[in-house]
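Residue numbers (the numbering used here): 21 to 133.
For each residue, glycine too, the CB sits at the ideal point set by N, CA and C.
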């Protein structure tokens with residue numbers, strides 16, 4: 021597999037995404053990965069990792085939580101708008117004026133400080 025450009029086939033894409041998952045899971049910095057990729061020709065180049073990160077970041081906008089405590093959040097209203105738009109794109113027969121049923125649920129996790 022050649023890593024001079026973004027992989028075209030699905031297997032290479034999945035491998036690149038798996039690698040990104042591991043880098044994120046273990047908080048590996050871009051600098052660390054860059055140094056590792058210099059040692060091995062089997063690893064994708066660091067600029068490809070950055071390109072894939074940027075590509076995946078386009079799917080949702082994550083913001084910092086307000087206040088002094090660390091955290092991240094997704095905009096509920098923007099996420100809802102995105103899902104409604106996707107619904108209309110995949111259900112062309114649904115009229116715009118007809119109501120849309122939305123089910124909101126949670127996993128029961130206690131959210132406290």
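Measure the C-alpha to C-alpha separation of residue 30 and residue 36 and round it to an integer number of angstroms. Here residue 30 is taken as the residue at index 10 of the chain shown, counted from 1. Here residue 36 is taken as the residue at index 16 of the chain shown, counted from 1. Residue 36 has its alpha-carbon roughly 10 angstroms from the corresponding atom of residue 30.
DSSP three-state call for residue 124: helix, strand or coil?
Along the chain shown, one-based indexing puts residue 124 at 104. Coil, per DSSP.
Query raised in the report: If you draw a straight line from the C-alpha of residue 48 to the C-alpha of residue 118, how long is it?
Result: As a first step, residue 48 is located in the chain shown; it is residue number 28 there, counting from the start. As a first step, residue 118 is located in the chain shown; it is residue number 98 there, counting from the start. Cα to Cα, residue 48 sits roughly 48 angstroms from residue 118.
**OP:** Say whether chain D places a C-beta atom closer than 8 angstroms to the C-beta of residue 91.
**Re:** Protein chain content of the structure displayed is limited to a single chain, and chain D is not contained in it.
| message | At the level of alpha carbons, what is the spacing between residue 40 and residue 54? | response | Position 20 of the chain shown, counted from the start, is the residue given in the question as residue 40. Position 34 of the chain shown, counted from the start, is the residue given in the question as residue 54. Their backbone Cα atoms lie some 13 angstroms apart in a straight line.
Coarse secondary structure for residue 94, derived from DSSP in three states:
Translated into positions along the chain shown, residue 94 becomes position 74. Reduced to three states, the DSSP call for residue 94 is strand.
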